[in-house]
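K.L.:
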Amino acid sequence: MKKYRIGQIVPSSNVTMETEIPAIFRSRETILPEKFTFHSSRMRMKKVTKEELEAMDAMSLKCAMELSDAHVDVMGYACLVAIMSMGRGYHCVSEVNLHQETIANGFPTPIVTSAGALINGLKVLGAKKVAIITPYMRPLTDMVVDYITHQGFEVVDSVALEIPDNLEVAAQDPMNLLEIYKRLDLTGVDVLVASACVQMPSLEAIDLLEKEIGIPVTSAAVCTTYEMMKKLGIEAKSAIGGSLLNGDY
Numbered sequence: 019m020k021k022y023r024i025g026q027i028v029p030s031s032n033v034t035m036e037t038e039i040p041a042i043f044r045s046r047e048t049i050l051p052e053k054f055t056f057h058s059s060r061m062r063m064k065k066v067t068k069e070e071l072e073a074m075d076a077m078s079l080k081c082a083m084e085l086s087d088a089h090v091d092v093m094g095y096a097c098l099v100a101i102m103s104m105g106r107g108y109h110c111v112s113e114v115n116l117h118q119e120t121i122a123n124g125f126p127t128p129i130v131t132s133a134g135a136l137i138n139g140l141k142v143l144g145a146k147k148v149a150i151i152t153p154y155m156r157p158l159t160d161m162v163v164d165y166i167t168h169q170g171f172e173v174v175d176s177v178a179l180e181i182p183d184n185l186e187v188a189a190q191d192p193m194n195l196l197e198i199y200k201r202l203d204l205t206g207v208d209v210l211v212a213s214a215c216v217q218m219p220s221l222e223a224i225d226l227l228e229k230e231i232g233i234p235v236t237s238a239a240v241c242t243t244y245e246m247m248k249k250l251g252i253e254a255k256s257a258i259g260g261s262l263l264n265g266d267y
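Converting from the sequence shown to this note's numbering requires adding 18 to each position, the first position being numbered 1.
(1) Report the option in G170, E245, V162 and L50 whose CA atom is closest to the CA atom of K68.
(2) Suppose contacts are defined by Cβ-Cβ distances below 8 Å. Is A223 in contact with L263 by that definition?
(3) Who does H57 pair with in a DSSP beta bridge?
(4) Measuring CA to CA, which of A96, V148, Y95 and A188 is closest to V177?
(5) Looking at the strands, I want to know which residues DSSP matches up with A149.
(6) Which word fits S58, buried or exposed, when buried means at least 16 other C-beta atoms lie within 10 angstroms of its C-beta?
(7) Buried or exposed: D208, going by 16 or more other Cβ atoms within 10 Å of its Cβ?
(8) Where does Y154 fall in DSSP's three states?
(9) Measure the C-alpha to C-alpha separation of D87 and V211 and round it to an integer number of angstroms.
(10) If you drop the 5 nearest sequence neighbours on each side, which residues of the same chain put their C-beta closer than 7 Å to that of L140?
(11) Would you mind reading off the limits of the alpha helix (DSSP H) that contains I121?
(12) For M218, which residues in the same chain have their Cβ closer than 6 Å to its Cβ, ignoring the five residues on either side in sequence?
(13) Can you check which of these residues, I231, T131 and E253, is closest to A214 by C-alpha distance?
(14) Using a 10 Å radius around the Cβ and a threshold of 16 neighbouring Cβ atoms, would you call T37 buried or exposed?
(15) Do the CB positions of S261 and P234 come within less than 8 Å of each other?
(16) Excluding the 5 residues preceding and the 5 following I252 in the sequence, name in chain order all residues of the same chain whose CB lies nearer than 7 Å to its CB.
(17) For G139, name the three-state secondary structure that DSSP assigns.
(18) Using a Cβ-Cβ cut-off of 8 Å (strictly less than) and excluding sequence neighbours within five positions of L50, which residues of its own chain qualify?
(19) Just curious, the alpha helix (DSSP H) that T48 is in, first and last residue?
(20) How many Å lie between V92 and G265 at the Cα?
(21) Could you tell me if R106 is buried or exposed, where buried requires 16 or more neighbouring beta carbons within 10 angstroms of its beta carbon?
(22) Measuring CA to CA, which of H168, R201, V99 and A133 is closest to L158?
(23) For the beta strand (DSSP E) holding M93, just list the boundary residues, first then last.
(24) Output the boundary residues of the alpha helix (DSSP H) element that contains V66.
(25) Quick check: what's the CA-CA separation for V216 versus I166?
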């Protein structure tokens, strides 16, 4: 039985990625033999503003070095908006830079960013038109919309909950998404991104949303977990997490 170490680079105020990603992996353990442990390094960030996000991103290389010391098998950068606020396509730059840190430390490690993982997850789901829900202020949400659009998708509609405090974002009830999504125009939409933010909880609602609206539903956390599994070279599957992880697309 193979055991893998999952590394996460997380904002200091993030309390969701170390909950939702392990939950998905633990669910996978009930149906497949591999086992997982979880290890984190933190970057300072309290308010979700462009200035704090830029300052936080500068700390990511140090975090990659620290996690490399632990010889993790895959490393995830767990802040979608930090990447997307740095400019179009920045996930590619970040992934290369973080990987170079692990090479320099003598333990080359596959890198996943939640921003890149969301883009890849939408491609796997065959999405062309999407709708998204974010907790961000509208200007940051518009940056996310622009970033996703630049990657070749049409963002038909978006909801910005406009919550600047990152701990308040984590305190949101995921089941509220069953009402929040009704603010969206889902006409012609292929995929709903129930949380385009790895801090806003959504995992408990994803399967329920899929059943209610009849199209694939995903999140930044689900896509990040999927991409981690693919980087590990293991079957990307789980008993929770919607179509991306149960193969219904």
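For every residue, glycine included, the Cβ atom is placed at its ideal position computed from N, Cα and C.
P.N.:
Looking at the coordinates:
(1) Taking K68 as reference, the option from G170, E245, V162 and L50 with the minimal CA-CA separation is V162.
(2) Not closer than 8 Å, so no.
(3) Answer is G25.
(4) For the residues A96, V148, Y95 and A188, the minimum Cα distance to V177 belongs to V148.
(5) In DSSP, A149 forms a bridge with D175 and L210.
(6) Answer is buried; the Cβ neighbour count reaches 16.
(7) Result: buried.
(8) Secondary structure of Y154 (DSSP, three-state): coil.
(9) Note on geometry: alpha-carbon atoms of D87 and V211 lie some 34 Å from one another.
(10) Answer for L140: V148, F171 and V209, listed in chain order.
(11) Y108 to A122 is the span of the alpha helix (DSSP H), which, as asked, contains I121.
(12) Excluding sequence neighbours, M218 sits near P153, V187 and Q190.
(13) The shortest CA-to-CA distance from A214 to any of I231, T131 and E253 is the one to T131.
(14) The residue is exposed, with fewer than 16 neighbouring Cβ atoms inside 10 Å.
(15) If you check the CB distance, S261 and P234 come in under 8 Å.
(16) If we look at I252 and ignore the five residues flanking it on each side, its Cβ neighbours are E52.
(17) G139 carries a helical assignment under DSSP once its states are collapsed to helix, strand and coil.
(18) Within the same chain, L50 has close Cβ partners I252, E253 and K255.
(19) Careful: T48 lies outside any alpha helix (DSSP H) and carries neither H nor E.
(20) If you draw a straight line from the Cα of V92 to the Cα of G265, it comes to about 23 Å.
(21) Classification for R106: exposed.
(22) The candidate whose alpha carbon is nearest that of L158 is V99.
(23) Here the beta strand (DSSP E) through M93 covers V92 to Y95.
(24) Neither: V66 is in no alpha helix (DSSP H) and is coded neither H nor E.
(25) Their Cα atoms are separated by approximately 16 Å.
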